[in-house]
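1 is the number of the first residue of the sequence shown in full-length UniProt numbering; add one for each residue after it. Heads up, the beta-carbon is just placed ideally off N, CA and C, and yes, glycines get one too.
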Amino acid sequence: MWQFVKYSLATVVGLFLFAIVSLLLLAGVGAAMDSSDEVYDLKDNSVLKLDLNRPIVENATTEDNPFAALTDLYFAPPENLGLIQVLSALERAKVDPKIKGIYLDASFPIAGYAQLSEIREAIQKFKKSGKFVYAYANSYTEKGYYVSSVADKTYLNPNGLLDFNGISVQYTFYKKALDKLEIEPLVFRVGTYKSAVEPFIREDMSEENKAQTSSFLQSINTYVFDKIARSKNIPVRKLDLIADSLQAFEPSNAEKLGMVKQGYWDEFEALLKKGSGEKEKVIYVSVNNYLKAKNPIDEVEGKDRIAVLVAEGEISGTRASEGNIGSDDFVKELKKLRESKSVKAIVLRIDSPGGSSLASDIMWREIELTKKVKPIISSMSNYAASGGYYMAMGTDVIVAQPTTITGSIGIFAAWFNVDNFLKNTLGITQDHVNTHANSNFMTSAGALTDFQKSVVQKSVDKGYLSFTTKAAAGRKMTLQRLQSVAGGRVWTGAQAKQIGLVDELGGLDKAIEIAASKAKLKPGAYKVSVYPKAKSFVDELLSSATSETSLSERLLAKNIPWASSMFEVNRWKKREGFLAMMPYLMEFE
Numbered sequence: 001m002w003q004f005v006k007y008s009l010a011t012v013v014g015l016f017l018f019a020i021v022s023l024l025l026l027a028g029v030g031a032a033m034d035s036s037d038e039v040y041d042l043k044d045n046s047v048l049k050l051d052l053n054r055p056i057v058e059n060a061t062t063e064d065n066p067f068a069a070l071t072d073l074y075f076a077p078p079e080n081l082g083l084i085q086v087l088s089a090l091e092r093a094k095v096d097p098k099i100k101g102i103y104l105d106a107s108f109p110i111a112g113y114a115q116l117s118e119i120r121e122a123i124q125k126f127k128k129s130g131k132f133v134y135a136y137a138n139s140y141t142e143k144g145y146y147v148s149s150v151a152d153k154t155y156l157n158p159n160g161l162l163d164f165n166g167i168s169v170q171y172t173f174y175k176k177a178l179d180k181l182e183i184e185p186l187v188f189r190v191g192t193y194k195s196a197v198e199p200f201i202r203e204d205m206s207e208e209n210k211a212q213t214s215s216f217l218q219s220i221n222t223y224v225f226d227k228i229a230r231s232k233n234i235p236v237r238k239l240d241l242i243a244d245s246l247q248a249f250e251p252s253n254a255e256k257l258g259m260v261k262q263g264y265w266d267e268f269e270a271l272l273k274k275g276s277g278e279k280e281k282v283i284y285v286s287v288n289n290y291l292k293a294k295n296p297i298d299e300v301e302g303k304d305r306i307a308v309l310v311a312e313g314e315i316s317g318t319r320a321s322e323g324n325i326g327s328d329d330f331v332k333e334l335k336k337l338r339e340s341k342s343v344k345a346i347v348l349r350i351d352s353p354g355g356s357s358l359a360s361d362i363m364w365r366e367i368e369l370t371k372k373v374k375p376i377i378s379s380m381s382n383y384a385a386s387g388g389y390y391m392a393m394g395t396d397v398i399v400a401q402p403t404t405i406t407g408s409i410g411i412f413a414a415w416f417n418v419d420n421f422l423k424n425t426l427g428i429t430q431d432h433v434n435t436h437a438n439s440n441f442m443t444s445a446g447a448l449t450d451f452q453k454s455v456v457q458k459s460v461d462k463g464y465l466s467f468t469t470k471a472a473a474g475r476k477m478t479l480q481r482l483q484s485v486a487g488g489r490v491w492t493g494a495q496a497k498q499i500g501l502v503d504e505l506g507g508l509d510k511a512i513e514i515a516a517s518k519a520k521l522k523p524g525a526y527k528v529s530v531y532p533k534a535k536s537f538v539d540e541l542l543s544s545a546t547s548e549t550s551l552s553e554r555l556l557a558k559n560i561p562w563a564s565s566m567f568e569v570n571r572w573k574k575r576e577g578f579l580a581m582m583p584y585l586m587e588f589e
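Right, here's the structure in full:
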């Protein structure tokens with residue numbers, strides 16, 4: 001009887017949730033259809049509001065979010081901001097007579113340093129138009145101040161704070177927790193610096209990992225401080241002293257040091273009114289709305305195109321999952337672009353820490369085939385490491401930001417022996433009947449024999465040799481030279497340029513220029529198209545609601561700070577085959 005009641009209640013609740021989601025989808029589809037073809041009426045004396053306080057992805061939809069009221073729900077699609085859309089808006093706004101300046105709102109940007117560097121450079125170019133750029137925040141994080149320091153005037157609330165103390169990276173380690181649970185990690189890797197598995201086998205960072213982390217952190221910090229120093233006319237040595245002593249924490253001190261100007265919102269808005277020539281109120285326009293207005297730049301005639309193919313997220317395997325890269329989808333998209341007569345060159349925009357080595361190799365092969373037909377250039381974003389570098393190494397030219405995290409050329413595999421956990425904690429035991437000595441190899445979550453371990457290690461070694469051999473050929477190096485900078489070591493874009501892993505330093509615009517030159521296209525004689533097309537909010541909602549990530553996991557991850565890290569252990573079991581990944585649990589602060 002109880003089973004009947006339980007399943008009946010589950011059915012009722014399921015139908016109720018289905019009805020709610022269906023109604024929301026219908027409302028969302030209707031709202032999206034109403035706004036999809038709408039041209040935004042841009043007013044004279046407008047101020048472009050650049051709000052960077054949300055997740056920044058490479059490519060995002062510009063449509064209005066019909067589910068904005070649902071942002072606190074676990075299945076609601078996030079309101080991401082597309083980097084490509086920001087760059088496009090800034091390019092247009094430079095020459096648009098209706099845009100008088102920019103209000104930069106970047107107190108807490110959710111993005112990597114490479115993306116923020118690209119936005120900062122685009123703002124710097126915008127300033128050459130003679131239009132103003134003013135920034136305001138109640139508080140600034142390190143990243144927020146880095147971007148906002150490019151403004152003509154950087155305002156801070158008198159009772160806010162400026163978190164200016166240098167860059168830090170935090171790792172989370174699970175070894176003691178796994179020991180207590182009697183879960184044994186079985187790790188196979190090649191490379192002294194291949195540290196992605198350290199959280200499961202150590203309680204702290206290895207000396208090699210500390211050395212490489214210190215090296216690339218210092219490289220990023222040097223670049224960031226140099227840019228701030230140039231914008232605020234403060235010597236780098238002085239910025240180092242300010243960071244060490246936390247002198248800028250208080251707004252009054254930060255103002256004395258020349259880093260910000262104190263002011264309340266009404267005072268800042270009065271500055272915007274004066275700059276835009278409006279006495280009553282400031283006419284703000286968001287990036288998404290601005291891109292719906294009439295383009296002040298004349299449309300290029302002709303059919304010639306440069307395609308920007310975005311590869312963003314972890315390389316999850318042959319099939320893509322939510323927010324990740326799958327080789328099947330990638331190959332299908334790249335093949336289409338290769339065969340298109342109007343596409344004269346391709347820019348592969350990579351933002352990936354790596355993942356499945358099999359999927360990485362499949363995509364590398366398709367890139368090699370494409371290179372024989374038309375130019376293909378890589379543009380590295382925040383990450384193009386390990387499997388991400390595997391993709392880039394096959395292209396004609398590699399372009400990276402100085403703050404890009406790249407390299408990490410290495411392979412590893414990891415299993416978790418949960419026999420003792422199941423037996424001693426849950427009271428679950430397993431038994432097997434095999435037809436051959438190793439019939440249950442790689443099908444069980446138990447221990448491996450010495451022979452099985454040797455088989456796995458040989459496969460990992462073979463994968464590493466294949467990776468480095470192909471990288472050496474792509475970079476036109478000897479294998480010995482390539483392996484001297486491989487071993488799983490992580491580099492910044494600036495460091496990678498010095499050791500030959502990267503050809504040019506710059507952003508997406510630089511990569512497009514190189515692609516056009518390789519294809520012998522004159523400036524202004526081609527269009528730029530982005531693939532795959534950004535998902536609509538309706539598609540995002542459907543993806544989120546049907547994701548493999550459970551409701552309980554998403555709710556816990558949202559409300560318990562450490563929960564998302566613990567779920568990472570479970571996700572490792574689902575990853576496909578051998579992995580080419582960088583230290584995945586790395587957080588910049």
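Excluding residues up to 5 positions away in sequence, S342 lie with their Cβ nearer than 7 Å to the Cβ of K303 in the same chain. In the three-state scheme derived from DSSP, where H, G and I count as helix and E and B as strand, Y284 is classed as strand. Residue pairing for S517: DSSP places it in no beta bridge.
The region 284-292 and the region 167-186 do not touch, with fewer than 3 CB-CB distances between them shorter than 8 Å. The shortest CA-to-CA distance from P532 to any of I110, D361, A359 and K336 is the one to K336. When C-alpha distances from V460 are compared across G507, Y140 and I411, the shortest belongs to I411.
Rounded to the nearest angstrom, the gap between the Cα atoms of K232 and Y383 is 28 Å. A distance below 8 Å separates the beta carbons of Q495 and S219. The continuous beta strand (DSSP E) containing E184 extends over residues E184 to V190. Linking D503 to K180 through their CA atoms gives a straight-line distance of about 48 Å.
The criterion of a C-beta distance shorter than 8 Å is not satisfied by L90 and F132. Within the region 426-505, the complete beta strand (DSSP E) runs of at least 3 residues fall at 490-492. For the pair of segments examined, the region 477-489 was found not to touch the region 397-404: the number of CB pairs separated by less than 8 Å stays below three.
By the CB criterion at 8 Å, V285 and L104 fall outside the cutoff. Note on geometry: alpha-carbon atoms of D152 and E314 lie some 37 Å from one another.
Contact between G166 and N221 holds: their C-beta atoms lie close to 6 Å from each other, under 8 Å. Taken in chain order, the complete alpha helix (DSSP H) segments of 4 or more residues contained in the region 251-284 are 251-256 and 265-276. When C-alpha distances from A135 are compared across K128, Q115 and N157, the shortest belongs to N157.
Collapsing the DSSP output to three states places G166 in coil. In the displayed model, F416 falls within a strand according to three-state DSSP. One alpha carbon belongs to T492, the other to L501, and they sit about 10 Å apart. The beta carbon of T449 is closer than 7 Å to none in its chain, skipping five residues each way along the sequence. P97 counts as exposed, since fewer than 16 other C-beta atoms from the protein chains shown sit within 10 angstroms of its C-beta. In terms of Cβ geometry, G354 and S378 do not form a close pair [threshold 8 Å].
In the three-state reduction of the DSSP assignment, A196 falls in the coil class.
Annotation for S379: the continuous beta strand (DSSP E) segment containing it runs I376 to A385. Nearest to L50 by C-alpha distance, out of I405, D351, T370 and A122, is A122. Rounded to whole angstroms, the separation of the alpha carbons of K100 and L505 is 31 Å. Taking the Cα positions, G82 is about 15 Å away from Y113. Taking the Cα positions, K176 is about 9 Å away from I201. Taking each of S168, A311 and Q212 in turn and checking the Cα distance to K194, the smallest one comes out for Q212. Burial is judged here by how many other beta carbons sit within 10 angstroms of a residue's own beta carbon; R120 has at least 16 and is buried. In the structure shown, E312 falls within a strand segment according to DSSP collapsed to helix, strand and coil.
Boundaries of the beta strand (DSSP E) around D351: V343 to S352. Selection G326, I242, V490 and G191 evaluated against L465 yields G191 as nearest (Cα-Cα).
For Y174, the secondary structure class from DSSP, reduced to helix, strand or coil, is coil.
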